[in-house]
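**Q** Okay, here's the structure, questions in a sec.
Residue numbers (my numbering): 2 to 264.
This is the structure we're talking about:
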């Protein structure tokens, strides 16, 4: 059984679409909302629904703060990634995870192709289409765009502690990664992950690759450890920390190379 059309309207949100700043901010795993019937049919507990397997706690608060401070469009999902993961290719086996970390997701096992297509059309495709629309509009207007996605990660993953308060994930395009890494390390009070706790080789780079690297736009994926963004005050602290570093990165000669057009 699949949700009715009313659930589709809640799947993706776009804020400040006309923002004139140099960034477009994305948040793939912003929400732990489960529309009917997925609130019951996936077989996950209430504790699971609030845990990291269902979303990236704190990520949306930071993304909203950055969008406001940087006058950036913000595109984010409003349905849990356990329904479908928008940061995965459509043919990935973990697009609709039946196992997340160590938790079995019974309602995601042995899905029909019709159900997979329904979920793709419910969240995944609308999310990426919304990003394309924002970026295409900015290109037409000659507005330079750098693409940044905001995530959070769990402090302990499968029993392994993670020392980084923040990690930067990037692949071939280093136009944002290099100046942002330098800016964070200059502070001297952070353990900064350089393609940690994830790297593109882990299969977590789809959104940034599609909308950043494939368009030849400066791009970066930012991961904040979620015990650092437990409250609105902590989200605001990270916003205040990152906004000027990103601004300086956008003003650097390398980051400006994206211009208003894409390849």
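Where is the CB? At the ideal position from N, CA and C, for every residue including glycine.
Because the structure is a prediction, the values reported are computed rather than measured.
1) Thinking just about the alpha-carbon of each residue, which of 77, 14, 15 and 71 is nearest to the one in residue 30?
2) Would you tell me roughly how many angstroms separate the C-alpha atoms of residue 225 and residue 140, rounded to the nearest one?
3) For residue 232, which of helix, strand or coil comes out of DSSP?
4) Would you give the residue range spanned by the alpha helix (DSSP H) that residue 267 belongs to?
5) Quick one: what's got a C-beta closer than 8 angstroms to residue 84's C-beta in the same chain, skipping five residues either side?
6) Residue 163 lies in the alpha helix (DSSP H); which residues open and close that run?
7) Determine the burial state of residue 71: buried for a count of at least 16 other Cβ atoms within 10 Å of its Cβ, exposed for fewer.
8) Excluding the 5 residues flanking residue 23 on each side, which residues of the same chain have their C-beta closer than 6 angstroms to its C-beta?
9) So the candidates are 108, 133 and 117; which of them puts its Cα closest to the Cα of residue 91?
10) If you check the beta carbons only, do residue 106 and residue 151 fall under 7 angstroms apart?
11) Starting from residue 154, trace the beta strand (DSSP E) in both directions and tell me its first and last residue.
12) Quick check: the Cα distance between residue 81 and residue 201, rounded to an integer number of angstroms?
13) For residue 237, collect the residues of the same chain with a Cβ closer than 7 angstroms to its Cβ; drop the 5 residues on either side in sequence, then sort them by chain order.
14) State buried or exposed for residue 32, treating a residue as buried only when at least 16 other CB atoms are found within 10 Å of its CB.
15) Please specify which runs of the alpha helix (DSSP H), each continuous and at least 4 residues long, are wholly inside the region 85-125, giving them in chain order.
16) Which residues in the same chain have their Cβ closer than 7 angstroms to the Cβ of residue 101, if we skip the five residues on either side of it in sequence?
17) Under the DSSP definition of a beta bridge, which residues are partnered with residue 78?
18) State buried or exposed for residue 108, treating a residue as buried only when at least 16 other CB atoms are found within 10 Å of its CB.
**A** Once the coordinates are examined:
1) 77
2) 30 angstroms
3) In the structure shown, the three-state DSSP call for residue 232 is coil.
4) Residue 267 lies beyond the residue range present for the chain, which begins at 2 and ends at 264; the question has no answer from this structure.
5) 35, 36, 39, 43, 97, 120, 123 and 124
6) Note, residue 163: premise wrong, no alpha helix (DSSP H); not H, not E.
7) buried
8) 145, 147 and 251
9) 117
10) no
11) 147-154
12) 22 angstroms
13) 66
14) buried
15) If we require 4 residues or more, the alpha helix (DSSP H) runs fully inside the region 85-125 come out as 114-120.
16) Only 54 and 83 meet the Cβ criterion.
17) Residue 78 is bridged to 13.
18) buried
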